Amino acid sequence: MNMKVLYSFNQKGDGIANEDICGFTKDAAWVIDGATDVFNLNALGKNNEVNWYVNELHKLLYRNFTSEKIKIVDGIQKSVKELYLRLKSIPNLSEVPTYKLPTYTIAAIGIGNNIMDYYVLGDSSIAYLHDKEVHLLTDTRVSKFSIINRQKLKDFRINYDDMVPPLSLFQETRMKANAKDGYPIGTIDGEGLSFGISGTIYLSKGDKILLYTDGFKDYFKKNEGVIKKFFTENAIKEEIAKMYEFLKNPEEYKKNPRPKMIDDASLLLISI
Numbered sequence: 278m279n280m281k282v283l284y285s286f287n288q289k290g291d292g293i294a295n296e297d298i299c300g301f302t303k304d305a306a307w308v309i310d311g312a313t314d315v316f317n318l319n320a321l322g323k324n325n326e327v328n329w330y331v332n333e334l335h336k337l338l339y340r341n342f343t344s345e346k347i348k349i350v351d352g353i354q355k356s357v358k359e360l361y362l363r364l365k366s367i368p369n370l371s372e373v374p375t376y377k378l379p380t381y382t383i384a385a386i387g388i389g390n391n392i393m394d395y396y397v398l399g400d401s402s403i404a405y406l407h408d409k410e411v412h413l414l415t416d417t418r419v420s421k422f423s424i425i426n427r428q429k430l431k432d433f434r435i436n437y438d439d440m441v442p443p444l445s446l447f448q449e450t451r452m453k454a455n456a457k458d459g460y461p462i463g464t465i466d467g468e469g470l471s472f473g474i475s476g477t478i479y480l481s482k483g484d485k486i487l488l489y490t491d492g493f494k495d496y497f498k499k500n501e502g503v504i505k506k507f508f509t510e511n512a513i514k515e516e517i518a519k520m521y522e523f524l525k526n527p528e529e530y531k532k533n534p535r536p537k538m539i540d541d542a543s544l545l546l547i548s549i
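Count along the sequence shown from 1, then add 277; that gives the number in my numbering.
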């Protein structure tokens, strides 16, 4: 059973650089969402370090999933470790807490016969359409933490009107990366990968799979059931246009503030 990419989407939000990326081979696919740097350490010595990191990881994923038949979890681990080996030579890097270095979320699948091998880390997600029903593979731990974090942002907006929230508000959140009272996320040393969710799903010919980063989640949450339209090629472009109208609505943003008004967004629609 082969997979076919029906639609791919990657768009920069209102940040400095696009920290999202998506990619695929003949039997594997992934979306990656880099967490925007809030410490400004420039520890890796690169311009736009998060953008650089996700792009380098993407290249390694493509190479490793193209060159050999490998399980999704193993391919991700191999790619992250290979990249970290290149970075370990940076002086004093090991002394910097990993939450201050590039972190990322990832959702990835591998297709073999009628089996989907999947891995989800952080707030990137997978949805699949089977027997006309949409099934979600997402990490509820992230959702619970996100609600708390969004409330902090909302409280700040209420108390300080339209002032830009200080970096310390986001730094406090980032320090909770992979902590017991925090949220799971990928780290450059690969240790964060153990917090991901993985498994296998049996699918049927004609089933469809959607991989997406959290740039889509506010729209999905606001419009219950709309995600099903994203499985239709003829409707997906129109729905994405509607999503951006929703995200650019200042009144909606004021009611439900986000770290960025327009986040980076990546999506892959796949059929098998």
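Idealized CB from N, CA, C, for every residue including glycine.
Just so you know, these numbers come straight off a predicted model, no measurement behind them.
Identify the residues that DSSP records as bridge partners of residue i: which are they?
i    : result
Y396 : A385, S475
L413 : A404
D310 : D297, T382
R320 : Looking at the sequence shown, residue 320 is not Arg but Ala. According to DSSP, A320 bridges with nothing at all.
F489 : The question names Phe, yet the displayed sequence has Tyr at residue 489. Partner(s): S402, L544.
A305 : G387
A456 : Per DSSP, none; premise fails for A456.
Where does residue i sit, in a helix, a strand or coil, going by DSSP?
i    : result
A512 : helix
G463 : strand
A294 : coil
V373 : coil
S285 : strand
A518 : helix
Between residue i and residue j, how many whole angstroms is the CB-CB distance? I'm expecting something under 8 Å.
i    : j    : result
T375 : I465 : 7 Å
I513 : L546 : 6 Å
I486 : I386 : 6 Å
S543 : D297 : 4 Å
T490 : D416 : Actually they do not touch by this definition, with Cβ atoms about 13 Å apart.
S356 : L378 : In fact, because the Cβ distance is near 17 Å, the residues do not count as touching under 8 Å.
G311 : V331 : 4 Å
I367 : H335 : That pair is no contact at about 21 Å.
L470 : Q288 : At roughly 27 Å, the Cβ-Cβ gap does not stay under 8 Å, so L470 and Q288 are not in contact.
With 16 other CB atoms within 10 Å as the buried threshold, where does residue i fall?
i    : result
L414 : buried
Y479 : exposed
L362 : exposed
D291 : exposed
T477 : exposed
K532 : exposed
G483 : exposed
N511 : exposed
N328 : buried
When the Cα atoms are used, what is the spatial distance from residue i to residue j?
i    : j    : result
I549 : T509 : 14 Å
N325 : Y339 : 22 Å
L360 : E528 : 42 Å
F422 : K303 : 35 Å
K537 : I517 : 18 Å
V411 : N295 : 29 Å
N317 : A456 : 22 Å
Y496 : F286 : 16 Å
M280 : I347 : 16 Å
M393 : V503 : 24 Å
V373 : A320 : 8 Å
Please determine whether the Cβ atom of residue i lies at a distance below 6 Å from any heavy atom of the ligand MG.
i    : result
F342 : Questions concerning the ligand MG fall outside what the structure shown contains, since it holds no ligand whatsoever.
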